[in-house]
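Below you'll find the structure, written out as structure tokens, and then a few comments.
In the numbering used here, the protein residues as written are 917 to 1270.
Following this line, the structure appears as structure tokens:
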């Protein structure tokens, strides 16, 4: 049993955390009895520097041959005023693979309660964000002078019924598997897109009689995520709302550095994109102090969502939890451990996980 993984280190701390994740993936493969072939390519700013394009054809061809894609991070101040931005590479990657569902789990690890502003017992959940619609992709958009000579900018949010149905289906299936309610987040008291979202999700609930559906306005959801995060074991959101709320959960767990993500196109195992959500963090790039847990957690999601190996994913997540409870902390968690220290701690715990 073998798998091909396209590795796109990207910019900033991306190469550091993907190197750690690769090492962990290879260790899991040896312990779980499968093989993995890793092949690297450029994306984002590094691709712009190398070829002038943030998502080169060679990279596109590679990801379409792969069973999964592991990405580090894209972006940085170096390209802030560049006509072509690194972030365009990530958008093109998602579009090319048809990846529309972004899953961002959050968990307050035992031992990290002090890093969480809530100082409460461990909490966990997942934000399922629609990724190819809404304000980020809607047209028309632009800026310019109106007829009355006032300068303005404008964006358009659009959602179709099929776009809402496919993201809702993944949310329902995930909630059904976990045996928890599905929380659908919208702003149906104001926005037409949200009204359609709520109507569509409500209609689909009949297909999943075992799942309790709960609707929440996005402002109420933001407040509840802080005061009662365990109510959000599975939540679905449109693009903009999901972007904001999933970063909010990074504050809940104490650091964006520990947060993983998977971007998929169906519930069953399939090609997906796996990346930490912390960004390129150019201020600490090259110092060897970045937290690799987000990238390592993304490997755990890869094991489940692309390879169909849930037991291996559970084992890796358990190893991460034990490493954290053992006291190893990178600076973002208030410690002095290096990227290598944290990685080696997870590798050591993996020996006891299989």
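Note that beta-carbon positions come from the ideal geometry of N, C-alpha and C, so glycine has one too.
Query, Result
"Pair within 8 Å by beta-carbon distance, residue 986 and residue 934", "yes"
"Beta-bridge partners of residue 1022, as assigned by DSSP", "1041"
"Sub-8 Å separation of residue 970 and residue 1000 beta-carbons", "yes"
"Cβ-based burial, residue 1306 [other Cβ within 10 Å; buried from 16]", "Summary: the structure shown does not reach residue 1306, with the chain confined to residues 917 through 1270, and so no result is reported for it."
"Beta-carbon proximity list for residue 1272, same chain, < 6 Å, skipping 5 on both sides", "No information on residue 1272 is available, as it lies outside the stretch 917 to 1270 that the chain covers here."
"Nearest neighbour of residue 1119, chosen from 1220, 1003, 1209 and 1077 [CA to CA]", "1077"
"Buried or exposed (CB count within 10 angstroms, at least 16 for buried), residue 1248", "buried"
"Contact the region 1229–1248 vs the region 1198–1212: 3+ CB pairs below 8 Å", "yes"
"Buried or exposed by the 16-neighbour rule on C-beta atoms within 10 Å, applied to residue 1226", "exposed"
"Three-state class that DSSP yields for residue 1052 in the structure shown", "helix"
"Supposed contact pair residue 937 and residue 1208 - C-beta distance, whole angstroms, cut 8 Å", "7 Å"
"N-terminal and C-terminal residue of the beta strand (DSSP E) that residue 1100 is part of", "1098–1102"
"C-beta atoms of residue 1202 and residue 989 nearer than 8 Å", "no"
"Residue 1072, DSSP secondary structure in three states", "coil"
"Straight-line Cα distance separating residue 1103 from residue 1086", "20 Å"
"Span of the alpha helix (DSSP H), counted from its first residue to its last, around residue 988", "Note, residue 988: premise wrong, no alpha helix (DSSP H); beta strand (DSSP E) at 984–989."
"Distance, residue 941 Cα to residue 991 Cα", "25 Å"
"Beta-carbon spacing of residue 920, residue 953 below 8 Å", "yes"
"For residue 1217 and residue 1178, the rounded distance between their alpha carbons", "6 Å"
"Residue 982 beta carbon less than 8 Å from that of residue 1187", "yes"
"Cβ-based burial, residue 1069 [other Cβ within 10 Å; buried from 16]", "exposed"
"Nearest-angstrom beta carbon gap, residue 972 and residue 984 [assumed within contact, 8 Å]", "Not quite, the Cβ-Cβ distance comes to about 19 Å (not below 8 Å), so this is no contact."
"Limits of the beta strand (DSSP E) - the one that residue 1179 falls within", "1178–1180"
"Cβ pair residue 1097, residue 1134 closer than 8 Å", "no"
"Limits of the unbroken beta strand (DSSP E) element including residue 952", "951–956"
"Alpha helix (DSSP H) segment containing residue 926, residue limits", "Careful: residue 926 lies outside any alpha helix (DSSP H), inside the beta strand (DSSP E) at 918–926."
"Alpha-carbon to alpha-carbon, residue 1071 and residue 1005", "21 Å"
"Buried versus exposed call for residue 1199 [16 or more other C-beta atoms within 10 Å across all chains shown]", "exposed"
"Given 8 Å, three or more beta-carbon pairs between the region 1146–1156 and the region 1168–1175", "no"
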